[in-house]
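Keeping their order, the protein sequence lines are chains A and B. Each residue of the first sequence is one higher than the one before, starting from 1 at the first, in my numbering. Each residue of the second sequence is one higher than the one before, starting from 1001 at the first, in my numbering. A virtual CB, placed ideally from N, CA and C, is assigned to each residue, including glycine.
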Amino acid sequence: MNIFRLTGDLSHLAAIIILLLKIWKTRSCAGISGKSQILFALVFTTRYLDLLTSFISLYNTSMKFIYIGCAYATVYMIYAKFKATYDGNHDTFRVEFLVVPIGGLAFLVNHDFSPLEILWTFSIYLESVAILPQLFMISKTGEAETITTHYLFFLGLYRALYLMNWIWRFYFEGFFDMIAIVAGVVQTILYCDFFYLYVTKVLKGKKLSLPA
Amino acid sequence: RQLITSHDEL
Chain A
1 MNIFRLTGDL
11 SHLAAIIILL
21 LKIWKTRSCA
31 GISGKSQILF
41 ALVFTTRYLD
51 LLTSFISLYN
61 TSMKFIYIGC
71 AYATVYMIYA
81 KFKATYDGNH
91 DTFRVEFLVV
101 PIGGLAFLVN
111 HDFSPLEILW
121 TFSIYLESVA
131 ILPQLFMISK
141 TGEAETITTH
151 YLFFLGLYRA
161 LYLMNWIWRF
171 YFEGFFDMIA
181 IVAGVVQTIL
191 YCDFFYLYVT
201 KVLKGKKLSL
211 PA
Chain B
1001 RQLITSHDEL
């Protein structure tokens, strides 16, 4: 464990909690892409199946349960509890165009052709593009609630911190995982446009609105 | 530099 990975995990946890509280407190999931949240639930489910097979640490196991629990709670609130506030008309990204090719890629490019490893690879690839429906929805509505931009900021920051963690681990531990690194770079690049808007607008107290 | 496939990260 190193400082980048720890702050990365805490940033990820913060994002997940911010979103959960936003929906719970405002009793509304307006502006939130349910499709992205389903993809995140799928990412955690396919990645954390090793909960059944191996124990790494109490931290690792407890965080995995928290991530999975919050992801499904968020999906439940969007599609069941606060269904009336779900903006389906703007959440129209065709996720099958992501899931199917990525499923194929996970079979072709992986570290080991075993079920758990292919599912892990699928989850790494999927996570790198899982935010696209959410970013697409914001570009369609032309704006985002400020709390949603904070959620996106911490979510984007977490993988950027993981990139630094991988540099650290390569240098000090000789560890590198090319699949995770390439997917992590793609994932972080997808947030660059948002990061620019977040820093130049939201941090200056303005509302995040895109030139529609 | 060895590649490790035991995934110890979240």
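With a contact defined as Cβ atoms closer than 8 Å, A/Y79 and A/Y86 qualify at about 7 Å. Among the residues facing chain B, A/R5 is included, as its CB has a counterpart in that chain under 8 Å away.
In the DSSP annotation of this structure, the continuous segment of the alpha helix (DSSP H) that includes A/Y191 starts and ends at M178 to T200. The criterion of a C-beta distance shorter than 8 Å is satisfied by A/I102 and A/L126. For A/D91, no alpha helix (DSSP H) encloses it, and the DSSP letter there is neither H nor E. Beta-carbon to beta-carbon, A/A183 and A/S128 are separated by about 4 Å, close enough to satisfy the 8 Å threshold. For the options A/Q187, A/H150 and A/F93, the alpha carbon positioned closest to that of A/I38 is the one of A/F93. At least one CB of chain B lies nearer than 8 Å to the CB of A/N60.
Not a single CB atom of chain B sits nearer than 8 Å to the CB of A/W168. Annotation: Cβ neighbours of A/M63 in chain B (cutoff 8 Å, chain order): L1010. Boundaries of the alpha helix (DSSP H) harbouring A/K140: L132 to T141, taken from the DSSP string. With fewer than 16 other CB atoms across the displayed protein chains lying within 10 angstroms of its CB, A/K206 is exposed.
In the DSSP assignment, A/F82 falls outside any alpha helix (DSSP H) and carries neither an H nor an E. For A/Y191, same chain residues with a beta-carbon under 6 Å away, outside a window of 5 residues either side, are G156 in chain order. Annotation for A/T148: G31 place their beta carbon closer than 6 Å to its own, counting only its chain and skipping 5 residues before and after. Secondary structure of A/S209 (DSSP, three-state): strand. Following the DSSP letters along the chain, one finds A/I56 in no alpha helix (DSSP H), marked with neither H nor E.
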